[in-house]
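28 is the number of the first residue of the sequence shown in the numbering used here; add one for each residue after it.
In this text, a Cβ means the ideal position worked out from N, Cα and C, and glycines have one as well.
Quantities reported herein were computed from a predicted structural model and do not represent experimental measurements.
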Amino acid sequence: MKSLLKVGALATITLLTAVGATGCKDKNKPVNPDKITVTLDATAKTIEVGKSETLKATIKGKNVKGVTILWQSSDPKVATVDKSGTVKGIKAGTAKVTATASRGKASASCAITVKEAKK
């Protein structure tokens, strides 16, 4: 009799675990409701040494209040970028400028080619 009760209890626990693991999801709920995306107005730009171009970043998402953009150049010896997204050509070469959201992991990049100034 004890053996039969143990088997019954085990079957009940197994059934409850299976139902709990598969039957309680809300399929209409978004996977990541606060997902933030970042886009740039250009994916590539060519500028001359000593000249500047400003990139425009757009942040989208449901809860973007207080989210800012952090700018970074992969090679500041070729091109620098300030906190407003203004890229300045320093010397001929290539660099990647990346705009990253201050919250989350969203980012976008622009390939920068710096050429010698025309004479």
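Query	Result
Specify whether the region 86 to 93 and the region 107 to 118 touch according to this definition: at least 3 beta carbon pairs, one from each stretch, less than 8 Å apart.	no
Per the DSSP calculation, V171 is bridged to which residue(s)?	No statement about residue 171 is possible, as the shown extent of the chain runs from 28 to 146 and does not include it.
Give me the Cα-Cα distance between E75 and T121, rounded to the nearest whole angstrom.	11 Å
Quick one: what does DSSP say T95 is sitting in, helix, strand or coil?	coil
Would you kindly report the start and end of the unbroken beta strand (DSSP E) that includes A69?	That residue, A69, is in no beta strand (DSSP E); it is neither H nor E in DSSP.
If I measure Cβ to Cβ from A106 and keep anything under 7 Å in the same chain, skipping five residues before and after, which residues do I get?	S100, V114, K115, G116, I117, A122, V124, I139, V141
Starting from the Cα of T69, find the closest Cα among E80, K62, I63 and give me that residue.	For clarity, residue 69 is Ala in the given sequence; the question names Thr instead. Residue E80 is the option with its Cα nearest to A69.
Restricting to Cα atoms, I'd like to know which of S129, K146, T73, S134 is closest to T66.	S134
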